[in-house]
Amino acid sequence: MDKIPYASAVGSLMYAQVCTRPDIAYIVGMLGRYLSNPGMDHWKAVKRVMRYLKRTRDFMLTYQRSDHLEIVGYSDSDFAGCLDSRRSTSGYIFMLAGGAISWKSVKQTLIASSTMEAEFIACYEASNQGIWLRNFIVGLHIVDGI
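Right, here's the structure in full:
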């Protein structure tokens with residue numbers, strides 16, 4: 002594994018995920034957990050994601066003109082998905098004008114004791130981001146309010 006550019010490849014995937022590809026956020030987060038000690042299975046997963054990106058290179062973020070701007074958000078969480086730490090992974094995505102404008106997939110800092118608690122943590126993080134997005138868009142003065 003010493004000669005395999007695992008960290009560089011995961012870094013490239015992170016760049017794609019942050020800029021334009023919310024669809025790979027979860028797997029990139031999972032691959033990033035093994036930067037210090039990757040195995041051959043992790044490298045195979047990186048190559049699988051690269052092949053997926055090549056197959057879907059025509060996928061793009063698109064936005065539609067609309068007289069009514071509405072932010073729509075979704076959040077989700079697993080429960081104790083990390084077998085090592087028992088921490089849950091949560092994520093959210095926000096859409097505006099039909100396209101993604103903000104997204105995140107991250108391992109939770111707290112250890113949830115139930116599925117409901119893991120979902121509440123995910124919802125809390127998404128709510129904070131939703132409030133920030135609303136205030137940001139209202140601050141641009143392009144609409145009266147959202």
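Okay, so the sequence shown: first residue is 2 according to our numbering, each after it adds one.
Virtual Cβ for every residue (Gly too), placed ideally from N, Cα, C.
This one's a predicted model, so the numbers in the text were calculated from it and none came from an experiment.
Quick check: the Cα distance between residue i and residue j, rounded to an integer number of angstroms?
i	j	result
Glu118	Asn129	17 Å
Ser67	Pro39	46 Å
Asp24	Leu134	20 Å
His43	Ala98	36 Å
Glu126	Lys55	32 Å
Met31	Arg58	22 Å
Phe60	Val50	14 Å
Phe95	Gly74	4 Å
Ile143	Ala26	30 Å
Met2	Met41	7 Å
Leu111	Arg88	7 Å
Ala81	Thr116	8 Å
Ile132	Lys105	15 Å
By Cβ distance below 6 Å, which residues in the same chain neighbour residue i in space, the five residues on each side in sequence not counted?
i	result
Val1	Outside the shown range of the chain (2 to 147) lies residue 1, about which nothing can therefore be said.
Ser76	Tyr93, Ala123, Cys124 and Ala127
With a cut-off of 8 Å on the beta carbons, I'd call residue i and residue j a contact; round off their distance for me.
i	j	result
Ser103	Ser91	Not quite, the Cβ-Cβ distance comes to about 14 Å (not below 8 Å), so this is no contact.
Gly100	Leu62	5 Å
Within a Cβ cutoff of 7 Å, which residues of the same chain sit near residue i, ignoring the five residues on either side of it in sequence?
i	result
Glu198	As displayed, the chain neither begins before 2 nor continues past 147, which places residue 198 out of reach and without an answer.
**OP:** With a floor of 4 residues, list each alpha helix (DSSP H) that falls wholly inside the region 7 to 44, ordered by position along the chain.
**Re:** 7 to 20 and 26 to 33
**OP:** Report the residue ranges of all alpha helix (DSSP H) runs contained in full by the region 51 to 81; include only those spanning at least 4 residues, in chain order.
**Re:** none
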